Amino acid sequence: MMAKPLVVTPGFDVWPGFLDASAQDTLVQAVFAAAREAPFNHYATAYGKPMSVAMTALGAVGWTSDAGGYRYLDRHPGTGRPWPSMPQALLDLWRALGDPETPPDSCLVNLYRDGARMGLHQDRDEADPRFPVLSISLGDTAVFRIGGANRKDPTRSLKLVSGDICRLSGPARLSFHGVDRILPGSSRLIPGGGRINLTLRRAR
Ligand code: SIN
Ligand code: FE2
Numbered sequence: 525m526m527a528k529p530l531v532v533t534p535g536f537d538v539w540p541g542f543l544d545a546s547a548q549d550t551l552v553q554a555v556f557a558a559a560r561e562a563p564f565n566h567y568a569t570a571y572g573k574p575m576s577v578a579m580t581a582l583g584a585v586g587w588t589s590d591a592g593g594y595r596y597l598d599r600h601p602g603t604g605r606p607w608p609s610m611p612q613a614l615l616d617l618w619r620a621l622g623d624p625e626t627p628p629d630s631c632l633v634n635l636y637r638d639g640a641r642m643g644l645h646q647d648r649d650e651a652d653p654r655f656p657v658l659s660i661s662l663g664d665t666a667v668f669r670i671g672g673a674n675r676k677d678p679t680r681s682l683k684l685v686s687g688d689i690c691r692l693s694g695p696a697r698l699s700f701h702g703v704d705r706i707l708p709g710s711s712r713l714i715p716g717g718g719r720i721n722l723t724l725r726r727a728r
């Protein structure tokens, strides 16, 4: 039986400690192996400033950003090669907690080293918001913030710890969210320190 999630706000569900230590370790190793093929990049925002979070992706398409805007591409913009494939463990997680029928076509990998954060934003570059976004936290604890569908809606913050999984779906799918800060040294999982967040999506 799958443990019931904590419902933080309707449509925003959290499964604390869903992944055990060995599952976390396996994912981190898979991510760093993939990053040798598809290197992490500090994309520029639409405002031209490089993001503090370094990103890469797995799957058929990967999220990218440059002065031309935000979009999903089927090639890594630096190497011109396809993105590495998604490990089976991620496909299985999506089937269990994301969507039982339609597989994800993208896993965005966010690497937060010292001082990295992510401003409040909506995930709205995906073709069909009926599919959820499933988020996996690895490494240092994040102070995560979530509000409503309007930027000015009240927000609340919660800590996401290594192994936690959360899901934005239904009424929370387009909620503004971001990462205020990372608590440095709160985990020893990530070589070189920091946090990795994986988000599984159906982008196209
Ligand atoms: C994101 O919104 O893409 C990242 C969220 C997180 O790092 O927890
Ligand atoms: Fe997001």
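According to this note's numbering, the sequence shown is numbered sequentially starting from 525.
Don't be surprised by glycine CBs; every beta carbon is placed ideally from N, CA and C.
Just so we're clear, the structure is a prediction, and the values are computed from it rather than from any experiment.
| Query | Result |
| --- | --- |
| Considering only the alpha carbon of each residue, which of A562, S686 and R605 lies closest to T665? | S686 |
| Secondary structure at A556, three-state DSSP: helix, strand or coil? | Rather than Ala, the amino acid found at residue 556 in this sequence is Phe. Note: F556 maps to helix in three-state DSSP. |
| Helix, strand or coil: which one does DSSP assign to T550? | helix |
| Hey, how far is the Cα of A620 from the Cα of D652? | 19 Å |
| Residue range of the alpha helix (DSSP H) that D598 falls in? | Neither: D598 is in no alpha helix (DSSP H) and is coded neither H nor E. |
| Return the residue from the list D677, G718, S661 and R680 that minimises the CA-CA distance to C690. | S661 |
| With a floor of 3 residues, list each beta strand (DSSP E) that falls wholly inside the stretch 572–652, ordered by position along the chain. | 578–582, 586–590, 593–597, 630–636 and 642–645 |
| Counting C-beta neighbours from all protein chains within 10 Å, is the total for G716 16 or more, i.e. buried, or is it exposed? | exposed |
| What I want to know is whether the C-beta of D647 ends up closer than 6 Å to one or more non-hydrogen atoms of the ligand FE2. | yes |
| Using the beta-carbon count (16 or more within 10 Å), is Y571 buried or exposed? | exposed |
| Near D688, which residues of its chain fall below 6 Å by C-beta distance, leaving aside the five closest residues on each side in sequence? | P540 and S661 |
| Roughly how many angstroms separate the alpha carbons of V555 and L615, rounded to a whole number? | 14 Å |
| Check whether the Cβ atoms of G535 and A696 sit closer than 7 Å, and answer yes or no. | yes |
| Just how far apart, CA to CA, sit S681 and S711? | 20 Å |
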